[in-house]
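Report on the following structure.
Residue numbers (this note's numbering): 375 to 692.
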């Protein structure tokens, strides 16, 4: 009898949850970051676009991956491209040993980081991401805009870190939101070679050979892909291995938001009772290309570690 009673309640619970999510607005969600003071009131930006759960499809449970159709409007996609297109630099990767950002042939795209809350549109998008993922805005890195031209790609890799340096700033990247800013005539798919669903996805000749190596998602302007790099018990999920297939025809624009398990916005500016100086002759050059923000622990340091490029990052005073 108890089992039958529970079964009769299931449909009601399902539709109640759908109603609750449908009514959810960006301004109504605020999850505290680790270490937050319960008595501190934090302003949460609101979005002009409500979260719509009916547009979200679960793609995979291993890794956990979800596709949001029409997450960005055409105007938002074009705005991000216009902000970035004259500021692109060769994309870098994190070295597994040192944690430094280095050039590598595994990643041949170009990219640049926008500033958080740079304008109203970016603030709106970041708030929408926080609502969808249920992670606080401060846990996210700044949005990175990427451009892939013909033949350019990013070989399969993990978004979680293998070096101890990057882990000290916000911890592991737990989730990634990948937003497609353009359509691609052929190629440019996001592929998951280790996905549990890699053998069950039918593919015709419209897919590239790279995409056929795993579960894949075609880039469609405005769509957003959310996937998790950690299991629910916070251990790393090797099934989250993913890559960007080479562009065969056309070009690909995308924007990435990496989300950490902890606050990524800890103060970068610190004062130490020592001479304000750089410890590497390349610090000034690195600072000019944004390494103070992209690689803060090495460049700036934290409360216990002194950065190598404090002077060039304006993170110390004499």
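C-beta: ideal position from N, C-alpha, C; glycine also. Since we're looking at a predicted model, the values are computed, not measured.
Taking residue i and residue j to be in contact with their CB atoms under 8 Å, please state how far apart those CB atoms are, rounded to whole angstroms.
{"i": "residue 528", "j": "residue 481", "result": "5 Å"}
{"i": "residue 507", "j": "residue 533", "result": "Contact doesn't hold; Cβ gap of about 14 Å is too wide."}
{"i": "residue 441", "j": "residue 431", "result": "5 Å"}
{"i": "residue 523", "j": "residue 625", "result": "5 Å"}
{"i": "residue 547", "j": "residue 633", "result": "7 Å"}
Could you tell me the distance, in whole angstroms, from the CA atom of residue i to the CA atom of residue j?
{"i": "residue 618", "j": "residue 539", "result": "26 Å"}
{"i": "residue 575", "j": "residue 592", "result": "12 Å"}
{"i": "residue 483", "j": "residue 521", "result": "6 Å"}
{"i": "residue 501", "j": "residue 681", "result": "31 Å"}
{"i": "residue 610", "j": "residue 510", "result": "21 Å"}
{"i": "residue 612", "j": "residue 604", "result": "8 Å"}
{"i": "residue 673", "j": "residue 428", "result": "43 Å"}
{"i": "residue 687", "j": "residue 587", "result": "42 Å"}
{"i": "residue 544", "j": "residue 569", "result": "26 Å"}
{"i": "residue 690", "j": "residue 434", "result": "46 Å"}
{"i": "residue 651", "j": "residue 685", "result": "5 Å"}
{"i": "residue 658", "j": "residue 436", "result": "43 Å"}
{"i": "residue 525", "j": "residue 637", "result": "36 Å"}
{"i": "residue 553", "j": "residue 462", "result": "17 Å"}
{"i": "residue 614", "j": "residue 422", "result": "32 Å"}
{"i": "residue 541", "j": "residue 439", "result": "23 Å"}
{"i": "residue 578", "j": "residue 562", "result": "15 Å"}
{"i": "residue 459", "j": "residue 627", "result": "10 Å"}
{"i": "residue 489", "j": "residue 635", "result": "20 Å"}
{"i": "residue 649", "j": "residue 517", "result": "34 Å"}
{"i": "residue 537", "j": "residue 426", "result": "37 Å"}
{"i": "residue 377", "j": "residue 602", "result": "Only weak support is given to the placement of residue 377: the predicted model assigns it a pLDDT of 44, under 50, and the question is left unresolved by the model."}
{"i": "residue 608", "j": "residue 513", "result": "15 Å"}
{"i": "residue 675", "j": "residue 668", "result": "12 Å"}
{"i": "residue 589", "j": "residue 606", "result": "21 Å"}
{"i": "residue 505", "j": "residue 457", "result": "24 Å"}
{"i": "residue 656", "j": "residue 503", "result": "35 Å"}
{"i": "residue 491", "j": "residue 465", "result": "22 Å"}
Would you kindly check if the distance between the Cβ of residue j and the Cβ of residue i is under 9 Å?
{"i": "residue 639", "j": "residue 683", "result": "no"}
{"i": "residue 531", "j": "residue 495", "result": "no"}
{"i": "residue 616", "j": "residue 670", "result": "no"}
{"i": "residue 781", "j": "residue 515", "result": "No answer is possible for residue 781: the residues shown for the chain start at 375 and end at 692."}
{"i": "residue 564", "j": "residue 599", "result": "yes"}
{"i": "residue 498", "j": "residue 450", "result": "yes"}
{"i": "residue 519", "j": "residue 424", "result": "no"}
{"i": "residue 597", "j": "residue 444", "result": "yes"}
{"i": "residue 448", "j": "residue 631", "result": "no"}
Cβ contact check for the segment 660-671 and the segment 550-559: 3 or more pairs under 8 Å: The answer is no - the segment 550-559 does not touch the segment 660-671, with fewer than three Cβ pairs under 8 Å.
Touching by the beta-carbon criterion (3+ pairs, under 8 Å), the segment 620-634 and the segment 581-600: Between the segment 620-634 and the segment 581-600 there are three or more C-beta pairs closer than 8 Å, enough to call the two in contact.
Every unbroken beta strand (DSSP E) within the segment 585-663, with a cutoff of 3 residues, ordered by chain: Every unbroken stretch of the beta strand (DSSP E) spanning 3 or more residues and falling wholly within the segment 585-663 is given here in chain order: 589-591, 598-602, 616-618, 621-623, 626-634.
Quick check for students: name the residue ranges of the beta strand (DSSP E) that lie wholly in the segment 442-507, counting only runs of 3 or more. Runs found: 484-487.
Which parts of the segment 508-556 are runs of the alpha helix (DSSP H), unbroken and 4 residues or longer, counting only runs that do not cross its ends? If you keep only unbroken alpha helix (DSSP H) runs of at least 4 residues inside the segment 508-556, you get 538-541.
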